[in-house]
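Below you'll find the structure, written out as structure tokens, and then a few comments.
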Amino acid sequence: MMNANADTNALTRKLIPLGVSSWNKLVRENKLIVDKTAKLGKLVTLFDFVFFSRPRRMGKTTLCSMLKELFAHGPQNFAGTAIFELWPETKTYPVISLSFLSIACSEATTFEAELCKELVSAYKRAGFSSANNYKGIVSFNELKRELDDLTANQTPVFLIDEWDYPLSLHLNDPQLFAALQSVLSEFYNWLRQQDNARFILVTGIMRYREVSLFTGQNIQNLSMNLGFADLLGYTKEEIEQSFAEYIPQAANNLGISIDELWQALKHTYDGFCFDENASVKVYSPYAINKFFAPLDDPDFRKQANAKLKFNPYWMESSNASAALHSFLHARKYDVTELVNKYSQPIFVDKGTLTSPVRANEVTLDQIMVQSGMLSIREIADTPAAQSTATISTSPTKYKCEITNAEVASELSAIFTAHMANKDETAIYPMLQETQQAILSGDIELVCKSLNQLLNDSLYDVFDDKDAMQEKIYRTLFKMWLRSASVSTKDEVANSHGRCDLVAITKDTIYAFELKRVRYNTEMTKTKTLNAAERQMVKNDYCNNLLKERKLVVWVVVVICDKYRQIVAWRTITKTKLSTGVHTERHEGMIEPIAVENQEPPTPKTSDQTARKTKTVRRKTADKTASNKGSNSAGGRKSTTAKASHSKTSRKGSSKGDKA
């Protein structure tokens, strides 16, 4: 529970906005504002026609709203912000603002009609009341002539938000994509000819070559311009300043230090990078707002056990991964390549991120980087990257990795759903069970949950090449165990060897050794567990991570090739006591999910009589067969014994010894 002073401060401070992108509403409701206005004067002074690419929920709509207010009414509504003194304009302009997020596009004719309707409304909002005369026009070719007449003696400003949303949403429907593209080509060809415009801003994610927006030289792509790298998104310094009252309260709520809070925020929500020098990193503003917002709620503050949560707020928000979903649904994507995307960095040419691309040539790399799933980490192939003494040249290739833990946890669900050909809603519970199990230290439940996920994966996930099998298991487990509270890394090396997988929780480091067996026999599994333990002891896996001051637990996992599931596990924990080294072991055998292991159905009461009659007849027949030959009866007993043995599972043993 918060102390009295914290509660009093919460009543007087500005509250965090949630789902508010209108500048006027932010000011009118006295919401907390992170001042991103300092560079707007330079933006509208140096450029006339600008394209700005950012992932969804990064502040593009608020940027459009700020510019609309500044151009339409001047800086009077920006008191206390940097732009109040820096706005270069002395007069106002009619502002036509349009968001493609609000335009329906189930088919091309409807889309064109909706576009015309929204344009008429936008012109009316900009002060052109006579635009209402054209509200019945459903052909853009007809409407554009009327709109040009309205602004013939004016100097308008155009703000187009999320321009590519209708196209990116339908990458899985080439025919509809082409039809929408035809309408949009006509619209953007018209927009490019607005020579009397004071300023034009277009925001979005992708740049499609088929649309005439990006032809010619008049539009400037500022998406990777260093000067505007932090125009959207929160820097650490901005969070420290604007959320100064929230930070100590959040640390107190979670029972951690402020430094530990920053480590968790960085791990979960930081990492977005949008500049060509790979030098500026920003946090997701939507996620940061959602994380701190409960501290504004009086009911939350009164609850003694209420805790802030590092949830995947940005990824769960509307349309954050819409383009990726559409892309994956558009094709049968190679599952092994999907797994590889998750397990290692990718390298992307600068041109891949800045040049327009044809819809049928869009790559997974482009979708994932442009939509924020992957982010630039560093320049990969310039002389500056190879030697700090060399003068930097224009970078041409970037090393990109999954942006942060929030994205990683949600990508796990997206990729797993694609691999299993299921909806994500069916995958989330299994992933959550797996991740909660590792947090609680229940390795048996971890293994059983992983088996559920393995069993739901389609057969083509598993490569027939023996060398690839272990890598696939390692990468899948890395993907499924990782969450906002669990970091994972594969092939973690020390001076003795390389551990297959490491999962790190708040207080424990789990070092996994994965072993495969061909047959699911007790002897084989026990022998494999013992051999793997000897290997881990010999190589002292994760001894180089002891500086983390967390308990290291070795985990052996045995996978049966026949079932493609985990069939045995063992944990080994070594600690130093006054009497010597204490070794604690726990282990168990896991029954595979297989038809041969299914339980017989429980008969309904109404069926008991009929089943009993059939059973008597069957016993009579069996007895007759038994009299004819004893060999078949012996075989039946052997089979029964084998089936019974397969269902036997050691629940887990604990042994202590001194070494």
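If you count the sequence shown from 1, position 624 lands on 624 in full-length UniProt numbering, and the numbers rise without skipping.
From the three backbone atoms N, C-alpha and C, an ideal C-beta is built for every residue, glycine too.
* For G255, which residues of its own chain have a beta-carbon under 8 Å away from its beta-carbon, when the five flanking residues on both sides are left out? -> none
* Asked: Taking the alpha-carbon positions, what's the D490 to S409 distance?
  -> 16 Å
* **DSSP state of I593 mapped onto helix, strand, coil** => coil
* Cβ neighbours of F415 in the same chain (closer than 6 Å, five flanking residues each side left out) -> L338
* Can you give me the start and stop residues for the beta strand (DSSP E) that T488 sits inside? => S487 to A493
* **Among T235, Q432, Q76 and A113, the one whose alpha carbon lies nearest that of R28** => Q76
* To do: Please list the segments of the alpha helix (DSSP H) lying wholly inside the region 402 to 462, counting only runs of 4 or more residues, in order along the chain.
  => 405 to 420, 424 to 440 and 443 to 456
* C-alpha distance - S355 paired with D297, whole-angstrom precision -> 45 Å
* Separation of F100 from F111, as counted between CA atoms -> 10 Å
* Asked: Can you list, in chain order, the residues of its chain whose CB lies under 8 Å from that of I288, leaving out five sequence neighbours each side?
  -> Y234, I239, F243, L265 and Y269
* **Proximity to I367 [Cα-Cα], best of N218, L328, K574 and E142** => L328
* To do: Return the first residue and the last residue of the beta strand (DSSP E) that D500 is part of.
  => R498 to I504
* Are the Cβ atoms of V502 and C447 separated by less than 8 Å? -> no
* Applying the criterion that 16 or more other CB atoms from any shown protein chain within 10 Å of the CB defines a buried residue, is P174 buried or exposed? -> exposed
* Which of helix, strand or coil DSSP assigns to F47 -> coil
* The alpha helix (DSSP H) with F512 in it runs from where to where? -> Note, F512: premise wrong, no alpha helix (DSSP H); beta strand (DSSP E) at T508 to V517.
* Let me know if V120 comes out buried or exposed under the rule of 16 or more other beta-carbons within 10 Å of its beta-carbon. => buried
* Hey, is G271 close to the ligand HEM, as in C-beta under 7 Å from one of its heavy atoms? -> For the ligand HEM, the structure offers nothing, since it holds no ligand at all.
* Following the continuous beta strand (DSSP E) through L551, name the residue where it begins and the one where it ends. => L551 to C560
* Do the region 85 to 94 and the region 34 to 41 touch if we need at least three Cβ pairs shorter than 8 Å? -> yes
* **Chain-order list of residues whose beta-carbon lies under 8 Å from that of L261 (same chain, five-residue window excluded)** => I247, A250, A251 and L254
* Could you say which of R482, L26, I379 and M206 lies nearest to S53 if we only look at CA atoms? => M206
* Among E361, V202, A380 and C400, nearest to M373 - alpha-carbon criterion -> C400
* Grab the span of the beta strand (DSSP E) containing R377 for me, first residue to last. => L374 to I379
* Identity of the residues DSSP links to Q565 by a beta bridge -> C560
* To do: Report yes if the C-beta distance between S449 and M430 is below 8 Å; otherwise report no.
  => yes
* Between which two residues does the beta strand (DSSP E) carrying S99 extend? -> V95 to S99
* Grouping DSSP H, G and I as helix and E and B as strand, with all else coil, what is F84? -> helix
* Coarse secondary structure for S483, derived from DSSP in three states -> strand
* Asked: Quick one: is residue 685 buried, meaning 16 or more other Cβ sit within 10 Å of its Cβ, or exposed?
  -> Given a span of 1 to 659 for the chain in the structure shown, any question on residue 685 remains unanswerable.
* Asked: Assuming L98 and C116 make a contact with CB atoms under 8 Å, what is their CB distance in whole Å?
  -> The pair is not a contact, with the Cβ atoms about 11 Å apart (cut-off 8 Å).
* Report the three-state DSSP secondary structure of H586 (helix, strand or coil). => strand
* To do: Would you mind giving the Cβ-Cβ distance between T203 and D230, rounded to the nearest angstrom? I have them listed as a contact below 8 Å.
  => With a Cβ gap of about 16 Å, T203 and D230 do not count as contacting.
* Give every residue of the same chain whose Cβ lies closer than 7 Å to the Cβ of S630, excluding the five residues on either side of it in the sequence, and list them in chain order. => Any reading at S630 must be qualified, since the residue scores a pLDDT of 44, below 50, and its modelled position is unreliable; no value is offered.
* Asked: Which parts of the region 239 to 311 are runs of the alpha helix (DSSP H), unbroken and 4 residues or longer, counting only runs that do not cross its ends?
  -> 246 to 254, 258 to 269, 285 to 292 and 298 to 302
* CB-CB length for D349 against K397, believed under 8 Å -> 6 Å
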